[in-house]
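Taking this note's numbering, the leading residue of the sequence shown gets 869, the next gets one more, and so forth. Yeah, the Cβ is synthetic: ideal placement off N, Cα and C, and Gly gets one too.
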Amino acid sequence: MMVEPKVRGFICTTAHAQGCRENVKRQVEYVKSQPKVDGAKKVLVIGASTGYGLASRISSAFACGAATIGVIFDKAASGNRTASAGWYNTAAFEEFSAQDGIYAKTINGDAFSQEIKEQTIELIKKDLGKVDLVVYSLASPRRTTADGTVYSSVLKTTGSPYTNKTIDLRNNAISKTTIPSATEDEIAATVKVMGGEDWKDWMTALKAADAIEDGAMTVAYSYIGPEVTHPMYLNGSIGMAKNHLYKTAEEITREVAGVNAYVSINKALVTQSSSAIPVVPLYISILYKVMKEKGIHEGCIEQMYRLYHERLYAPQLALDEQGLIRIDDWEMRDDVQDEVTALWQSITDDNVKASSDIDGYWEDFYRMFGFEFPNICYSDDIDIDVKIPSIEE
Ligand code: NAD
């Protein structure tokens, strides 16, 4: 059938199989055009189907030549409903890995659950023995714990409500938005979902099963950003969860013998998760303009390749004074932030196109779902029912 984008607010409910394959192909080609990285050999990526997790998996396989096991939470096509973008991405990733003779298998299910942890560990034991890198890249609105309680994360402030500019993604109009403050319960729930508890559960379970190498690394991702985003990110409910993640990194390093845990602070980019955060899409559109003009723009794959090449597997792993890996260094450069601030102050409905890269924002948005690739003919009928080779349905 012919597949068209159906955008609802900040999500697209359809995905184009060939376009998603193209998206993955371009990322694979980028990594293959770069110098190889003498790094990980057997990698577990949790949250591996889109955004930073997918880019980490691609960097592991095609920069390091590593075998990868990915944990994803995606939907196959059913009837006239397309599969999720992450499903098609994963099918393409396995196809390209097989072409290059690189091991790749995928587990589809809720990474927060005990069952998926057990299945994953069983697969590691059977096929790889042990892993030497674990990438934890989950971004989820909710988590169900073993006792059946459902925790929902919120994107709110922790102090007073915060009013600033935002872009309405339905019509590109600039307006003011007020982000309400979270209750104590909402903050606690956000920490439960996006903090480090589940990361530590994974690492403890891998260690207990003897499925992790001595000297292994694990990395999770976070964001810091400039002041304009601080009330709803760094100091917001999500920031509290990320603080918990930082503490968890220290705990894992201390308590899980032979494992070093890090948090990498990544650049703000269009992903399915970041589109949902108020204020951030407008900031990203302005940031894209400034960084593209300076020739230092990066997408997920450029960021993750640089993380592997210049940080994780560099002769010396550079950390900031808080012990964090900083791959947001170009975003946070003074010259970049000064220009972003000036544009932020002057942007209005009348100058959105001139003051931001809103077209670049939308291009990235559509491409996450496999649309807007010039070499794909979107009026063609395509087969939406694509198999992920390692997953039996
Ligand atoms: P994303 O939405 O593209 O990726 C999240 C992944 O988690 C998806 O593949 C999704 O399928 C998977 N997932 C969600 N719930 C799951 C579950 N229960 N079981 C298994 N998989 C599940 O988002 P992203 O932006 O790549 O986020 C990844 C990490 O990077 C997050 O920690 C986020 O805070 C961080 N980060 C993002 C940005 C940004 O601007 N996008 C910047 C810095 C850090």
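Reference residue i, options the options, closest by Cα
i     : options                    : result
A959  : L1192, G1126, R889         : R889
S1043 : Y1229, T918, H1098, Q1213  : Q1213
L1180 : T918, V1158, G1163, I1133  : I1133
G954  : I970, Q967, T974           : T974
I940  : S946, I1215, A972          : A972
G915  : R1201, V1059, I937, D1225  : I937
A1079 : K904, L996, D1251          : L996
Y1101 : A1125, V1002, S1141, D1253 : S1141
V1147 : K1024, E962, I989          : K1024
N1039 : K1221, V871, T1058         : K1221
I1252 : L922, A945, G907, V899     : A945
L1155 : R876, Q1205, L1185, S901   : Q1205
I1058 : G1083, T1026, M1159        : The question names Ile, but residue 1058 is Thr in the sequence shown. Among G1083, T1026, M1159, the Cα nearest to that of T1058 is on T1026.
E871  : F1239, I1259, E1261        : It should be pointed out that residue 871 corresponds to Val in this sequence rather than to Glu. Among F1239, I1259, E1261, the Cα nearest to that of V871 is on F1239.
K994  : I1193, T1051, K910, Q1184  : K910
C1245 : H884, K1160, F878, C880    : H884
P1099 : A1056, D1069, I1145        : I1145
A1109 : W1070, P1183, Q1184, S1021 : S1021
M1085 : Y1091, P1048, G1126        : G1126
V875  : L991, V1018, R1174, S1143  : S1143
T950  : P873, K900, E990, P903     : P873
E897  : A923, A1041, F878, A1056   : A923
F1233 : M1159, T1121, V1061, L1037 : L1037
N1111 : G877, V1061, D1217, R1235  : V1061
Cα-Cα separation, residue i to residue j
i     : j     : result
N1103 : Y1151 : 17 Å
A1117 : N1243 : 43 Å
A1136 : M1172 : 13 Å
K943  : G1167 : 25 Å
A1073 : L912  : 13 Å
N1219 : T1046 : 22 Å
A929  : A935  : 6 Å
I1195 : G919  : 15 Å
E962  : G921  : 15 Å
P1257 : E1054 : 40 Å
S1028 : S981  : 35 Å
K1162 : E1119 : 39 Å
I1259 : G1083 : 31 Å
Q886  : T1051 : 44 Å
E1123 : G1016 : 28 Å
A1077 : D1069 : 12 Å
P1048 : I1035 : 17 Å
I1106 : E1065 : 14 Å
D1081 : V999  : A quick correction: the sequence has Glu, not Asp, at residue 1081. If you take the alpha carbons of E1081 and V999, they lie about 6 Å apart.
L1001 : Q967  : 23 Å
K1115 : L1187 : 15 Å
V892  : I1250 : 18 Å
G947  : Y956  : 16 Å
I879  : A1007 : 15 Å
Same chain, Cβ closer than 6 Å to residue i, five either side skipped, listed in chain order
i     : result
S1223 : L1211, I1215
I1164 : W1198
A1088 : Y1004, W1067, L1113, V1131
G907  : C932, Y1176, Y1181
Contacting residues, own chain, Cβ-Cβ under 8 Å from residue i (five flanking each side not counted)
i     : result
D978  : F941, I984, T1012
D1202 : none
Close beta carbons around residue i, own chain, < 7 Å, minus the five adjacent residues each side
i     : result
V905  : A931, C932, Y1176, H1177, Y1181
K823  : This structure does not reach residue 823, given that the chain is present from 869 up to 1261, and the question cannot be answered.
D1217 : A1041, I1042
Entirely within the region 1036 to 1063 and at least 4 residues each: give me those alpha helix (DSSP H) ranges in chain order. 1052 to 1062
Which whole runs of the alpha helix (DSSP H) in the region 1074 to 1152 are 4 residues long or more, in chain order? 1105 to 1123
Which ranges does the beta strand (DSSP E) cover as unbroken runs of at least 3 residues, wholly within the region 949 to 1007, from first to last along the chain? 972 to 976, 999 to 1004
To test your reading of the DSSP string, which unbroken beta strand (DSSP E) runs of 3 or more residues are found completely within the region 919 to 943? 935 to 940
Taking only runs that begin and end inside the region 1194 to 1231, name each unbroken alpha helix (DSSP H) of 4 or more residues, in chain order. 1202 to 1214, 1220 to 1223
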